[in-house]
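Chains as they are written, first to last, in the working numbering: chain A, 4 to 211; chain B, 4 to 211.
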């Protein structure tokens with residue numbers, strides 16, 4: 004594990020970014036206490052802004068956990084909807100609880116099962132958020148890139164994978180993430196950037 | 004000076020992000036050789052993506068230098084236009100040369116003079132990019148925030164100011180940047196995030 008952002012710098016930004024919504028604070032607390040990986044508030048704010056600018060009709064999340072990233076997306080939605088997916092019904096039930104408390108339930112669908120399979124039933128996805136097993140990222144985009152609308156965005160979390168991408172001896176997951184990153188940058192009809200925010204966020208715009 | 008992103012991680016992302024446009028490569032080379040501060044390619048790609056998603060009619064840059072950031076914006080424009088400003092006619096002449104070579108001249112206006120003063124003559128700015136003297140950031144937003152359209156974006160460079168924002172004894176510029184950041188996060192009608200990319204990029208969305 005190598006650090007990505009100077010921890011003091013990260014704290015500085017983090018402390019500027021306190022959410023005003025108590026539900027987000029509660030979700031963050033659960034994430035920190037249980038060790039359940041959430042994108043946390045700096046990435047959450049980025050998702051919110053990207054979604055506000057995009058004004059999407061349809062967001063699909065691959066791997067929603069208990070709904071932290073989805074909650075930020077949903078808050079940004081005007082008339083669109085978001086589909087949350089997870090293998091665990093317990094996670095999605097917890098997400099549903101938070102969405103209910105935040106008055107966001109009508110903007111969301113909750114689907115238990117294999118994320119890519121569920122997502123493949125949707126067309127014209129405007130934002131595809133990827134946060135599943137790292138070995139499945141590349142296949143997910145191969146499978147779903149035609150389901151994304153032109154001008155749509157792929158956002159993938161953990162693309163610097165604890166900073167392991169710069170190591171010499173790569174484990175299976177790091178290797179998969181590096182292959183995914185190279186794949187995204189090689190696609191002619193997508194334009195990508197990796198932002199070194201928290202664990203690395205890839206944002207990719209579908210040009211045509 | 005404190006580092007913001009792990010330099011090896013930054014290199015990893017940087018090397019994935021090689022521009023295909025030879026003009027951008029030339030501009031980067033000039034930036035690196037002369038030490039003229041450019042936002043460089045990772046931030047450049049971010050500007051491109053934000054601009055693609057936003058599809059702005061009007062971008063105004065405060066402090067364009069020799070046009071590196073402006074070139075990325077201009078490449079992303081469909082029907083909109085970009086206004087470049089700088090105190091130095093030499094810088095803008097060089098920018099004009101690159102825009103001509105890149106076939107982007109018709110999308111751009113070049114205005115020599117005091118950036119905020121020039122920008123205040125424009126209404127309905129969709130993207131306001133700030134890269135002037137650090138002590139002038141806050142005043143720039145105070146002056147121009149009503150010139151920004153609803154749903155418009157402010158993007159400010161150097162908001163982590165060489166990592167100095169975490170130091171105890173602050174020089175004038177660092178103090179000004181910290182005050183600017185706190186100001187942006189305090190505004191009720193803007194939603195902000197600081198991305199620890201290169202020297203810190205603040206992105207702020209005008210909600211109402």
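Positions of the beta carbon are idealized from the N, C-alpha and C atoms, including for glycine.
Can you find the residues in the same chain that come closer than 7 Å, C-beta to C-beta, to residue i, ignoring five residues on each side of it along the sequence?
i: residue 20/B; result: 44, 45 and 48
i: residue 110/B; result: 77, 80, 84 and 85
i: residue 28/B; result: 22
List the DSSP bridge partners of residue i.
i: residue 158/A; result: 132/A and 206/A
i: residue 111/A; result: 85/A
i: residue 195/B; result: 207/B
i: residue 177/B; result: None, per the DSSP bridge assignment.
i: residue 64/B; result: 132/B
i: residue 151/B; result: 128/B
i: residue 8/A; result: 8/B
With 16 other CB atoms within 10 Å as the buried threshold, where does residue i fall?
i: residue 6/A; result: exposed
i: residue 38/A; result: exposed
i: residue 81/A; result: exposed
i: residue 135/A; result: buried
i: residue 70/A; result: buried
i: residue 127/A; result: exposed
i: residue 50/B; result: buried
i: residue 160/B; result: buried
i: residue 253/B; result: No answer is possible for residue 253/B: it lies beyond the span of chain B, which begins at 4 and ends at 211.
i: residue 211/A; result: exposed
i: residue 95/B; result: buried
i: residue 187/A; result: buried
i: residue 151/B; result: buried
Residue i to residue j, Cα distance in whole Å?
i: residue 162/B; j: residue 124/A; result: 42 Å
i: residue 66/A; j: residue 63/B; result: 38 Å
i: residue 139/A; j: residue 106/A; result: 32 Å
i: residue 9/A; j: residue 12/B; result: 12 Å
i: residue 190/A; j: residue 178/B; result: 43 Å
i: residue 132/B; j: residue 209/A; result: 24 Å
i: residue 129/A; j: residue 93/B; result: 42 Å
i: residue 115/B; j: residue 99/B; result: 12 Å
i: residue 61/B; j: residue 153/A; result: 22 Å
i: residue 4/B; j: residue 155/B; result: 32 Å
i: residue 185/A; j: residue 164/A; result: 14 Å
i: residue 173/B; j: residue 183/B; result: 14 Å
i: residue 75/B; j: residue 97/A; result: 42 Å
i: residue 59/A; j: residue 36/A; result: 33 Å
i: residue 148/A; j: residue 117/B; result: 45 Å
Can you give me the Cβ contacts of residue i inside the same chain, cut-off strictly under 6 Å, excluding the 5 residues immediately before and after it?
i: residue 278/B; result: The requested residue 278/B does not occur in the structure, where chain B is confined to residues 4 to 211.
i: residue 193/A; result: 207 and 209
i: residue 24/A; result: none
i: residue 137/A; result: 176, 179 and 180
i: residue 26/B; result: 101, 104 and 105
i: residue 68/B; result: 94
I'd like the list of long-range same chain contacts for residue i, defined as Cβ closer than 8 Å, with 5 residues on each side in sequence excluded.
i: residue 72/A; result: 41, 42, 46, 47, 50, 64, 132, 134 and 160
i: residue 108/B; result: 99 and 102
Taking only beta-carbon atoms, is residue i less than 8 Å away from chain E?
i: residue 11/B; result: In the structure shown, chain E does not exist; the protein chains are A and B.
Stretch pair the segment 192 to 199 of chain A + the segment 11 to 19 of chain B: three plus CB contacts closer than 8 Å
yes
Does the structure place the segment 51 to 61 of chain A close enough to the segment 26 to 42 of chain A that three or more beta carbon pairs sit under 8 Å?
no
Taking 8 Å as the threshold, find out whether the segment 139 to 151 of chain A comes into contact with the segment 164 to 175 of chain A through three or more Cβ pairs.
no
Stretch-stretch touch, CB-based, cutoff 8 Å, three pairs: the segment 85 to 96 of chain A with the segment 110 to 122 of chain A
yes
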